[in-house]
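Take any residue in the sequence shown, count from 1 to its spot, add 2: that is its number in the numbering used here. Each remark here refers to the structure printed beneath this line.
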Amino acid sequence: MEKLEKSILEKITNPQLVKELSLEELTFLAQEIRDLIIKVVARNGGHLAPSLGVVELTLALLHVFDPREDKFIWDVGHQAYAYKILTGRKDSFPTLRQMGGISGFPKPEESPFDHFAVGHSSTSISAGLGMAVARDLLGKKNKVLAIIGDGSMTAGLAYEGLNQAGGLDKDLVVILNDNEMSISKNVGALSSFLSRKLSSRWMIKFKRDFESFIKQIPRIGEDILTYAKRSEEALKSFFTPGILFEAFKFNYIGPVDGHNLKKLITVFEEVKELNIPVLVHVLTKKGKGYAPAEKNPTYFHGVGCFEPETGKAKKIAACSLPTYTEVFGRTLCQLAKEDSRIVAITAAMPEGTGLSFFAEQFPERFFDVGICEQHAVTFAAGLAKEGFKPVVAIYSTFLQRAYDQIVHDVCLQNLPVVFCLDRGGLVGEDGPTHHGAFDFSYLRHIPNLVVSAPKDEAELQLLLYTALQANKPFALRYPRGVGSGVALLKEFRTLPLGQGELLRAGQDALVLAIGSRVYPALEAIEEIKEFSIGLYNLIFVKPLSKSLLDMIKNYDKIIIVEENTLQGGCGSAILEFLEENDCLDKIKVKRIGLPDMFIEHGNVNKLREKYGIDKSSIKEKILAFLRR
Ligand SMILES: Cc1ncc(C[n+]2csc(CCOP(=O)(O)OP(=O)(O)O)c2C)c(N)n1
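Here it is in C-alpha cells:
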C-alpha cells in the first residue's frame, strides 16, 4: 500500500490522470504535493502559504474539469504551484523561480495549461469573461474558471468584471478562495461581509458592515437594501455572503469546505452542468498542512529559504544590514513624530513596504486600503487637498495600476503626495510581472512631479525628508533588498531639487548615474586606468538643473547609467535635456540601462550581468564607447 501510494505523484505525467484517481488516492496525492512544495520552496523561496492552501481545490478542479479544453485562470497566480506540478511540471518543479527554471507564476510560454499570464491581482474575472465571450463567439463549449482570493476581491477591477459578466449572463465560473487573508489579514467592509460565524453579535455587526458596503454600490445598492429590509425573516436569509454576488446576477454556491475533496468534487460536478454565471465560495486555510505556515501565514506568504523541519529562515551573509524597506519605514516614523500631518497608505502590503512600523506607532494615521492602488492614490489626493502629507508606499510594479490617478488626481492639482516606490529596478525571482523596470518612464513626463532615486540608504532618508518638505507631488524609488551599509542619519536636511553631486572628477568623460547603479558605476570607473572619467550622482530624473547642464557642457562624451528600461528612462531625459539646450551636436551620449523587453525571472545579480548593468558590463560598455 505504502509503495503504491508513494508512486501516485510519480505517475502523474499529465493532468488527465488526476481524473482517474479515487478519493483515497487524491487524499494521498495531496500530501505528496504538499511535501514537494515545502521541500522546493524551502530551498528556492516562493509563495508557500497561498499554494499550500489550494492543494485540494486544485485536485478537485482537475478531477472534474479538463485543462486541455477548460480555461484555468489563477488570480495573481502565486498559488498555482500544485497546478504546475499536476500539469506536466512535476520534474521541473525543483527549478522553481531559478534562472532558466520554471516561473513562480502562470506563464503561457512555459505550458499550454497556463491559460493567462499573471502576477498582479484581480485580473481573473475580466480575463475569464473575455475568454467566455470568445468561446461563445467561436461556438465552443469549454468552461472558464476564474480562481480568485478574498484579498484580490478587494480590488475594483474584480467588480468591474462581475458587473459585466452578470449583465451578459455568461457561462463563467468564479471560484472565491476565501482564507480571510490577503498577505496580511484582509481588510475592509468586504472581508467582514464574507465572514460567516452567525452569532447574534456577529449578526448585528454584519448588518452594519453589510449596509455600509452595499450602499456604496452605485445604482443597485439602495434597491437591494430596501428589498432586504422588508421583513426580519427575509433579512436574515438575505444576509449571507451570497446576496452580494446574487446582486451581480451570479448564482452563489457555498460556503464549501476547501479541504474536503469529496464536497468540492460534488459541487464542481454540479457546476459543470450549469451554463450561467456561478460563484463558488470556498473556505480554505492559508498554509494548510504545514504548521509554521498555518501559524504565520503572512511570513510564509512569500518566503525566502528556510529549514523545512522548523520553518526557521536560513541566514544569508548580507542579512545583518537593514533593507531599504526597513530604512524607509523607520525613517518615516521618525519624521511622523515631528509632523502630525504625515499619514501613510499601503495597498495591502504593510510588511512588504515597511509601513508596519508606522502602523504600530501611528495606527490612527495609517491606512491599509486593500489591493486598491488606484483608490490609494486618489484617497491620498483627498487627504493632501485637506492639508495632510500622505505618503503612498507601493511597489514600483503595482503603482503602474494607478497611472491615471497620479496624473489626474494628484499632479494636475499639484498636490503634495509622496510616492515611495519600493522594488524599483530588477527584483529577481518573481520575474517580469514584478520587476520595477518602468517607473522612471511612466512618471517622468507627468507635469509637477519630482522623480528621484537615492544611491544608498542615507540618501533615501534625505530624499524622504526633502519630499515631505517639498509641498508638491514627489516620487522616490529604491531597490529591493539591502543597501550598501552606509551609516544612517539622525539629522536631516533638504536636498536642492534637481541637483545631484559630483562623486569623482575626470576630464575625458562624465558618467551620470542614478539610484542603484551609482556605486557599480563608480567601481567600474575606478578600474579604468586608460581614461580619466568623472562620476555624477544625478539623484533626480526630474527636474534637471542648470548646474547639471553647466557640468555636462565641460565634456564631449557622457554616459548615463540607470536600472530602468532605456525607453523613456533617465538617459532619455538627459538626451531631451541636451536637445532642449542645443547641446546635442557637441556631446556624444551613451545610455546604459535595461533593454526594451520583459526580463525573465532569476537571481538578480545574474540578471544584471546578463542585461549589462552590473559593474563589469558598465566598465566594458564605457571602454567601448570611449575607444570608439
Ligand atoms: C495589483 C497588485 N497589488 C499587490 C499585489 C501583491 N500581492 C500578491 S498576493 C497578495 C494578496 C492576495 O490575497 P488573496 O487574493 O486573498 O490570495 P491568498 O494569498 O490569500 O491566497 C498581494 C497583495 C499584487 N500581486 N498585485
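Virtual Cβ for every residue (Gly too), placed ideally from N, Cα, C.
Restricted to the region 481-539, the beta strand (DSSP E) segments that are unbroken, complete and at least 3 residues in length are 503-506, 511-515 and 535-539, listed in chain order.
Nearest C-alpha to T435 among L414, G614, T125 and L537: T125.
Bounds of any alpha helix (DSSP H) do not take in S342, whose DSSP letter is neither H nor E.
A straight-line Cα-Cα distance of about 34 Å links K314 and F600. Taking A157 as the centre and dropping the five residues before and after it, the same chain places the C-beta of S123, S124, G372, I373 and C374 closer than 8 Å to its C-beta, in chain order.
Contact between L466 and G500 fails: their C-beta atoms lie close to 17 Å from each other, not under 8 Å. Remark: the C-beta of H377 is outside contact range of ligand 1, defined as less than 7 Å to any heavy atom. By the neighbour-count criterion, in which 16 or more other beta carbons inside 10 Å mark a residue as buried, T496 falls on the exposed side. By the 16-neighbour rule on beta-carbons within 10 angstroms, P108 is buried. Here Q463 is buried. Its C-beta has 16 or more other C-beta atoms within 10 Å.
Restricting attention to beta strand (DSSP E) runs no shorter than 3 residues, the region 408-434 encloses them at 420-424, ordered along the chain. Distance from the C-beta of V394 to the nearest heavy atom of ligand 1 is not below 7 Å. Short of 6 Å from the beta carbon of A382, and not among the five residues preceding or following it, lie these beta carbons of its own chain, in chain order: I347, P392, V394 and V419. The beta carbon of R482 sits no closer than 7 Å to any heavy atom of ligand 1.
Beyond the five residues adjoining it in sequence on each side, G571 comes within less than 7 Å, by CB distance, of F442, S443, E564 and G595 in the same chain, given in chain order. Taking R482 as the centre and dropping the five residues before and after it, the same chain places the C-beta of R425 and V429 closer than 6 Å to its C-beta, in chain order.
When DSSP states are grouped into helix, strand and coil, D68 belongs to the coil group.
About 6 Å separates the beta carbon of I535 from that of D510, a gap short enough to meet the 8 Å contact definition. Our two residues, V120 and D584, have alpha carbons roughly 44 Å apart in a direct line.
Here L401 is not near K544, since their CB atoms are 8 Å or more apart. K86 has its Cβ no nearer than 7 Å to any heavy atom of ligand 1.
With the rule of 3 Cβ pairs closer than 8 Å, the region 133-148 counts as touching the region 168-182. Taking all protein chains shown into account, E493 has fewer than 16 neighbouring C-beta atoms within 10 Å of its C-beta and is therefore exposed.
Within the chosen limit of 7 Å, ligand 1 reaches the beta carbon of S154 through at least one heavy atom. Secondary structure at F115: coil, using DSSP grouped into helix, strand and coil. For secondary structure counted as the beta strand (DSSP E) over 3 or more consecutive residues, the region 143-172 holds these complete runs in sequence order: 146-151. Taking a contact to require three or more Cβ pairs closer than 8 Å, the region 277-285 and the region 244-262 qualify as touching.
A heavy atom of ligand 1 is found nearer than 7 Å to the CB of A350. Straight through space, the alpha carbons of E461 and K143 are spaced by roughly 58 Å.
D552 sits exposed, since fewer than 16 C-beta atoms from the chains shown fall within 10 Å of its C-beta.
For D180, there is no enclosing alpha helix (DSSP H); the residue is found in the beta strand (DSSP E) stretching over V175 to D180.
Taken atom to atom, the span from the alpha-carbon of I35 to that of H65 is near 15 Å. Taking all protein chains shown into account, K290 has 16 or more neighbouring C-beta atoms within 10 Å of its C-beta and is therefore buried. About 6 Å separates the Cβ atoms of L192 and M155, confirming a contact at the 8 Å cut-off. Taking the Cα positions, G102 is about 19 Å away from F115.
In this structure, G356 sits near T327, with a CB-CB distance shorter than 8 Å.
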